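Student: Line by line, the protein sequences give chains A and B.
Basically the working numbering = 1-based index in the first sequence + 188.
Basically the working numbering = 1-based index in the second sequence + 99.
Please see the structure below; I have some questions.
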Amino acid sequence: MNLRKAITLFAVLLVSVVMLAACGGGDEEKESESASGAKTVKFMHLWPEGSSAQHYKVVNEIIADFEKENPDIKIDLEVLSNEQYKDKIKVLSTSDELPDVGMTWAAGYMEPYVKGNMYAPLDDIIESDLSDSFVSGTTEAFAVDGTTYGLPLELNISTIFYNKKIFDEYGLEEPQTLDELKEIVATLNENGVNPIALGNRDAWTGSMWYMYLANRLGGDEDVLTKAIEREGSFEDPALVQAADEVQKLVDEDSFVQGFNGLADEEAKSMFMGEQAAMYLIATWDLPNFTTNEDVPQEFRDSVGYFKFPTVDGKGDTNSYVGGPGVGLFVSENSDVKEEAKAFASYFVQQWGERAVTDVGIIPATKVNVDSLDLPQMYVDVLNDLNSATNITLYADVQMSADVAQVHLDMIQALFGGEITPEEFAKTQEDALAAE
Amino acid sequence: MNKVMSNKWIIFLYTFPALLLIAVLIVVPLILSGYFGLMDWDGIGAMEFIGLDNYIAALQDSKFWESTLHSFLLALFSAISLIGYLAVALILASKIKGANLLRKIYLIPMLLSSVAIAQLWIKIYNPSNGMLNSILMWFGVDNPPAWLADPNIVLYAIFIPIIWQYAGFYILIYYAALKNIPESLIEAAKIDGATPLQIALKIKVPLIMNVFKVTIVLSIVGSLKYFDLIYVMTSGGPNGASEVMASYMYKLAFSSYDFGYGSAIGFLLLIITLIVTVVIQKLTKSKDEIQY
Numbered sequence: 189m190n191l192r193k194a195i196t197l198f199a200v201l202l203v204s205v206v207m208l209a210a211c212g213g214g215d216e217e218k219e220s221e222s223a224s225g226a227k228t229v230k231f232m233h234l235w236p237e238g239s240s241a242q243h244y245k246v247v248n249e250i251i252a253d254f255e256k257e258n259p260d261i262k263i264d265l266e267v268l269s270n271e272q273y274k275d276k277i278k279v280l281s282t283s284d285e286l287p288d289v290g291m292t293w294a295a296g297y298m299e300p301y302v303k304g305n306m307y308a309p310l311d312d313i314i315e316s317d318l319s320d321s322f323v324s325g326t327t328e329a330f331a332v333d334g335t336t337y338g339l340p341l342e343l344n345i346s347t348i349f350y351n352k353k354i355f356d357e358y359g360l361e362e363p364q365t366l367d368e369l370k371e372i373v374a375t376l377n378e379n380g381v382n383p384i385a386l387g388n389r390d391a392w393t394g395s396m397w398y399m400y401l402a403n404r405l406g407g408d409e410d411v412l413t414k415a416i417e418r419e420g421s422f423e424d425p426a427l428v429q430a431a432d433e434v435q436k437l438v439d440e441d442s443f444v445q446g447f448n449g450l451a452d453e454e455a456k457s458m459f460m461g462e463q464a465a466m467y468l469i470a471t472w473d474l475p476n477f478t479t480n481e482d483v484p485q486e487f488r489d490s491v492g493y494f495k496f497p498t499v500d501g502k503g504d505t506n507s508y509v510g511g512p513g514v515g516l517f518v519s520e521n522s523d524v525k526e527e528a529k530a531f532a533s534y535f536v537q538q539w540g541e542r543a544v545t546d547v548g549i550i551p552a553t554k555v556n557v558d559s560l561d562l563p564q565m566y567v568d569v570l571n572d573l574n575s576a577t578n579i580t581l582y583a584d585v586q587m588s589a590d591v592a593q594v595h596l597d598m599i600q601a602l603f604g605g606e607i608t609p610e611e612f613a614k615t616q617e618d619a620l621a622a623e
Numbered sequence: 100m101n102k103v104m105s106n107k108w109i110i111f112l113y114t115f116p117a118l119l120l121i122a123v124l125i126v127v128p129l130i131l132s133g134y135f136g137l138m139d140w141d142g143i144g145a146m147e148f149i150g151l152d153n154y155i156a157a158l159q160d161s162k163f164w165e166s167t168l169h170s171f172l173l174a175l176f177s178a179i180s181l182i183g184y185l186a187v188a189l190i191l192a193s194k195i196k197g198a199n200l201l202r203k204i205y206l207i208p209m210l211l212s213s214v215a216i217a218q219l220w221i222k223i224y225n226p227s228n229g230m231l232n233s234i235l236m237w238f239g240v241d242n243p244p245a246w247l248a249d250p251n252i253v254l255y256a257i258f259i260p261i262i263w264q265y266a267g268f269y270i271l272i273y274y275a276a277l278k279n280i281p282e283s284l285i286e287a288a289k290i291d292g293a294t295p296l297q298i299a300l301k302i303k304v305p306l307i308m309n310v311f312k313v314t315i316v317l318s319i320v321g322s323l324k325y326f327d328l329i330y331v332m333t334s335g336g337p338n339g340a341s342e343v344m345a346s347y348m349y350k351l352a353f354s355s356y357d358f359g360y361g362s363a364i365g366f367l368l369l370i371i372t373l374i375v376t377v378v379i380q381k382l383t384k385s386k387d388e389i390q391y
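Here it is, written out as structure tokens:
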């Protein structure tokens with residue numbers, strides 16, 4: 189009996205020791221860090237090797253170059269996937285332990301961080317190191333009350349991609365007006381082809397359709413942005429009419445069946461599986477239509493794109509829905525703020541060309557197209573960007589988080605025919621007014 | 100062993116680590132979430148004390164009540180499905196051929212992770228390429244429903260995989276309980292001329308009634324706080340048609356950045372679950388203990 193007692197006691201002690209050791213782990217790590225001589229800049233990004241191999245590689249190359257040029261600064265890297273990254277940043281921010289340099293989204297997403305004094309103003313390095321290097325309109329998305337808190341890395345505009353093979357088969361041409369688009373939809377439906385792939389479970393996808401219609405119907409005035417910024421009303425006739433046009437498109441079976449229950453990924457696979465003729469998405473998907481070797485060559489060759497058509501003769505096709513993706517922030521409470529800013533600035537300067545040639549994304553910095561060997565579709569998009577008259581930032585990014593949620597819910601309800609265009613506008617007007 | 104168990108220190112040593120874990124990981128966050136519920140907080144910046152405003156807002160929030168209704172519907176369906184599980188367990192336990200193999204087959208969904216199950220059923224429910232609609236069309240149904248897109252259907256469409264997911268778990272519990280019934284009782288009944296149906300309904304089921312009551316509580320409490328499949332398959336959409344309490348709480352706290360309100364909903368979820376548990380235990384309480 190005594191032996192057994194001794195064993196149980198030992199087991200309990202062992203468990204306690206293990207638990208205590210686990211609790212103490214965090215502190216030890218910190219000590220070893222501060223012990224090393226060089227200054228350490230903590231950098232977190234959201235492009236893990238598994239899902240974003242090219243991004244990951246280029247980031248590592250830039251870090252290696254930076255450390256070579258600045259031997260007294262060491263970059264301590266942490267990589268997480270998108271959703272985990274969002275969660276971790278949120279948790280770290282509550283305990284005031286943000287990385288020195290990290291990634292952030294624009295406008296509504298970053299607002300609470302800026303209000304909580306978590307991000308450092310970056311106007312000084314934009315003026316000194318990076319003057320005139322960003323595409324106009326991109327840094328503005330990372331500004332709150334006139335001060336810029338993020339250095340944009342990506343820029344995306346959305347266009348309608350279409351399958352040339354299907355279009356040729358039924359003798360269809362790129363539409364210039366919404367009526368022409370509707371005729372295409374009718375022809376495709378008669379022939380049993382799904383016209384437009386849409387995964388509206390994510391709702392931001394449907395929101396892009398709504399935003400384009402609102403933009404075209406609103407003419408030169410950006411009525412949607414005005415409504416969100418409270419300079420106008422969401423019950424503006426153009427915004428209500430755009431909602432009505434959405435429901436007309438739905439009634440004419442323009443979108444694949446059950447789109448409200450499909451994720452964007454599923455809609456994309458329908459378009460890429462040649463089960464649907466058109467797909468409105470932003471340029472982040474360009475690699476899938478040009479360079480991605482995992483996608484059959486035959487499909488990549490048959491993809492074209494056209495700008496969102498005009499509606500009732502209104503609107504400018506050089507006005508886009510889009511916006512910058514992620515950008516870099518520097519932590520306001522960083523112990524190595526100067527080094528962190530230097531790294532962020534260096535990163536943005538290096539990122540531009542490598543992003544477009546090695547990763548295949550459109551960077552937010554200006555790129556000289558002529559000197560680069562790029563697929564034709566990239567050249568076209570970059571040229572379109574140069575002649576862009578306006579880029580309207582995604583509504584759910586512009587809005588604060590809780591209004592964005594209302595907007596996304598209303599988009600699903602609108603596309604699902606659960607509400608009238610008037611109710612759609614009124615609910616969002618109320619949500620915006622209540623802020 | 101008795102000597103060990105009578106020593107108060109040993110009892111303390113045995114229970115303390117688990118107690119500490121529960122306190123740190125469950126009790127403290129529970130109290131904290133009730134406390135956060137009193138705050139106006141976006142989860143990042145400064146908190147502002149606003150008293151019971153969040154709780155009052157929740158009680159007037161039609162979306163909250165809708166999600167509560169959905170959670171209770173799920174609880175109802177789960178509880179009813181227990182009868183089905185019991186029937187399967189009764190058949191499996193009555194020495195039919197291949198019972199062993201079947202038992203393992205029924206357990207397979209339990210072994211899959213929720214996310215894998217969700218992905219599997221998303222594929223099955225796909226309106227144009229899914230297995231279910233392909234079969235329906237093959238049988239001549241012209242316009243099969245878009246299961247996850249139709250607000251009138253989506254909730255029930257998700258209930259099916261949830262119920263399927265837990266089948267193995269409850270069948271296993273019932274199977275074990277049924278195997279525990281002494282063979283002599285069954286033999287005695289047979290000698291008295293009882294039919295297999297009578298044996299099942301009048302002897303076996305009453306004998307495992309205690310287990311059945313425990314599973315009722317388990318399934319209802321589990322349903323009220325259910326989250327995983329709903330989050331992965333529809334994230335509560337379209338427009339809240341498949342929202343349950345837990346997914347609504349998540350959406351408020353992590354998508355709308357309304358941490359205070361989300362915490363208040365979380366705390367209400369706890370209170371509702373507690374009340375339901377107490378009520379069910381009162382309702383199913385029995386006086387006589389079964390002794391074999």
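C-beta atoms are modelled at their ideal positions from N, C-alpha and C, and glycine is treated no differently.
All figures in this text were calculated on a predicted structure; none of them were measured in a lab.
Against chain B, does T580/A count as a neighbour if the rule is that its beta carbon must be under 8 Å from one of theirs?
Tutor: It does not; no Cβ of chain B falls within 8 Å.
Student: Specify, as a first and last residue, the run of the beta strand (DSSP E) that E266/A falls within.
Tutor: Segment I261 to V267, the beta strand (DSSP E) holding E266/A.
Student: Verify whether the separation of the beta carbon atoms of P226/B and G461/A is less than 8 Å.
Tutor: No, the pair does not count as a contact, with Cβ atoms beyond the cut-off.
Student: Please report how far the alpha carbon of K218/A lies from the alpha carbon of N521/A, in whole angstroms.
Tutor: Caution is warranted here: a pLDDT of 42 is assigned to K218/A, below 50, making its placement in the model unreliable, and the coordinate value is therefore given only provisionally. Straight-line Cα distance between these residues: approximately 17 Å.
Student: Is it buried or exposed, Y224/B, if we count other Cβ atoms within 10 angstroms and call 16 or more buried?
Tutor: Label assigned to Y224/B: buried.
Student: Is the shortest distance between the beta-carbon of T376/B and the beta-carbons of chain A less than 8 Å?
Tutor: No - not a single Cβ of chain A is within 8 Å of the one on T376/B.
Student: Beta-carbon within less than 6 Å of P497/A's beta-carbon, same chain only, minus the 5 sequence neighbours each way: which residues are those?
Tutor: Only P363, Q364, T365, L366 and L369 meet the Cβ criterion.
Student: Would you call the stretch 328 to 347 of chain B and the stretch 177 to 191 of chain B touching, i.e. three or more CB-CB distances under 8 Å?
Tutor: As far as the Cβ criterion goes, the stretch 328 to 347 of chain B does not touch the stretch 177 to 191 of chain B, which means the pair count is below three.
Student: Which term fits W220/B, buried or exposed, when burial requires 16 or more other beta carbons within 10 angstroms of its beta carbon?
Tutor: It is buried - the Cβ of W220/B has at least 16 other Cβ atoms within 10 Å.
Student: Along the stretch 436 to 449 of chain A, what residues have a CB closer than 7 Å to any CB found in chain B?
Tutor: Those residues of the stretch 436 to 449 of chain A that come within reach of chain B (Cβ to Cβ, closer than 7 Å) are V444, Q445, G446, F447, N448 and G449.
Student: List in chain order: all unbroken beta strand (DSSP E) runs of 3+ residues lying wholly within the stretch 221 to 250 of chain A.
Tutor: For the stretch 221 to 250 of chain A, whole beta strand (DSSP E) runs of length 3 or above, ordered along the chain, are 227 to 233.
Student: Measuring alpha carbon to alpha carbon, tell me which residue in V279/A, L596/A, K414/A and D504/A is nearest D141/B.
Tutor: Out of V279/A, L596/A, K414/A and D504/A, V279/A has the C-alpha closest to the C-alpha of D141/B.
Student: What's the C-alpha gap between R488/A and S457/A?
Tutor: The alpha-carbon atoms of R488/A and S457/A are separated by roughly 13 Å.
Student: Check each residue of the stretch 300 to 329 of chain A: if its Cβ is closer than 9 Å to any Cβ of chain B, include it; give the result in chain order.
Tutor: Flagged, chain order: P300, Y301, K303, G304, N305 and M306.
Student: So if I threshold CB-CB distances at 7 Å, which residues from the stretch 594 to 612 of chain A count as touching chain B?
Tutor: So the list reads D597, Q600, A601, G604 and E606, given in the order they occur along the chain.
Student: Consider the Cβ of K278/A: report whether some Cβ of chain B lies at a distance smaller than 8 Å.
Tutor: Chain B, which has a Cβ nearer than 8 Å to the Cβ of K278/A, makes this yes.
Student: Hey, D546/A and Q272/A: beta-carbon distance below 8 Å or not?
Tutor: Cβ distance not < 8 Å, so D546/A and Q272/A don't count as in contact.
Student: Step through the CB atoms of chain B and report whether any lies within less than 8 Å of the CB of R389/A.
Tutor: Closer than 8 Å: yes.
Student: Using CA atoms only, rank isn't needed, just tell me which of V123/B, A275/B, A122/B and L151/B is closest to Y134/B.
Tutor: With distances taken between Cα atoms, Y134/B lies closest to L151/B.
Student: Would you give the residue range spanned by the alpha helix (DSSP H) that L131/B belongs to?
Tutor: It spans V127 to F135 - the alpha helix (DSSP H) in which L131/B sits, taken as one unbroken run.
Student: In chain A, which residues lie less than 7 Å from D141/B when you measure between Cβ atoms?
Tutor: Within chain A, the residues near D141/B are P300.
Student: Who are R517/A's beta bridge partners in DSSP?
Tutor: According to the sequence shown, residue 517/A is Phe rather than Arg. Paired residues: G290/A.
Student: With C-beta atoms as the reference, is G515/A less than 8 Å away from F330/A?
Tutor: In contact: G515/A and F330/A (Cβ atoms closer than 8 Å).
Student: Could you check how far apart the C-beta atoms of S362/B and S170/B are, in whole angstroms? I think they sit under 8 Å.
Tutor: That belief does not hold up - the Cβ atoms of S362/B and S170/B are roughly 18 Å apart, past 8 Å.
Student: Apart from the five residues on each side of it in sequence, which residues of its chain come closer than 6 Å, Cβ to Cβ, to A613/A?
Tutor: These residues qualify, in order along the chain: F422, E423, L427 and V428.
Student: Using a Cβ cut-off of 8 Å, pull out every chain A residue sitting near P226/B, in sequence order please.
Tutor: Going along chain A in sequence order, the residues near P226/B (Cβ under 8 Å) are V444, Q445, G446, G449 and L450.
Student: Could you give the residue range of the beta strand (DSSP E) that holds Y467/A?
Tutor: Looking at the DSSP string, the run of the beta strand (DSSP E) that includes Y467/A is A464 to A470.
Student: Sort G136/B, I315/B and T383/B by Cα distance to G183/B and report the nearest one.
Tutor: Ranking G136/B, I315/B and T383/B by Cα distance to G183/B puts I315/B first.
Student: Would you mind working out which of P260/B, L328/B, P305/B and M344/B sits nearest S385/B, comparing C-alpha positions?
Tutor: Of the listed residues, the one whose Cα sits closest to S385/B is P305/B.
Student: Within 8 Å of any Cβ in chain B, is that where the Cβ of A589/A sits?
Tutor: Closer than 8 Å to some Cβ of chain B, the Cβ of A589/A qualifies, so yes.
Student: Answer with yes or no whether the minimum CB distance from V253/B to chain A is below 8 Å.
Tutor: Yes, because at least one Cβ of chain A sits closer than 8 Å to the Cβ of V253/B.
Student: Span of the beta strand (DSSP E) holding F443/A?
Tutor: Note, F443/A: premise wrong, no beta strand (DSSP E); not H, not E.
Student: Kindly indicate which residue of L376/A, P259/A and V434/A has the alpha-carbon position closest to the one of L401/A.
Tutor: Selected option, being the one with the closest Cα: V434/A.
Student: Helix, strand or coil: how does DSSP classify D473/A here?
Tutor: D473/A: helix per DSSP, three-state reduction.
Student: Which chain B residues are close to T282/A, counting only those with a beta carbon under 8 Å from its beta carbon?
Tutor: Per Cβ cutoff of 8 Å: G142 and I143.
Student: If you pair each beta-carbon of the stretch 270 to 287 of chain B with each one of the stretch 192 to 206 of chain B, do three or more pairs fall below 8 Å?
Tutor: The stretch 270 to 287 of chain B, when compared against the stretch 192 to 206 of chain B, does touch it at the 8 Å Cβ threshold.
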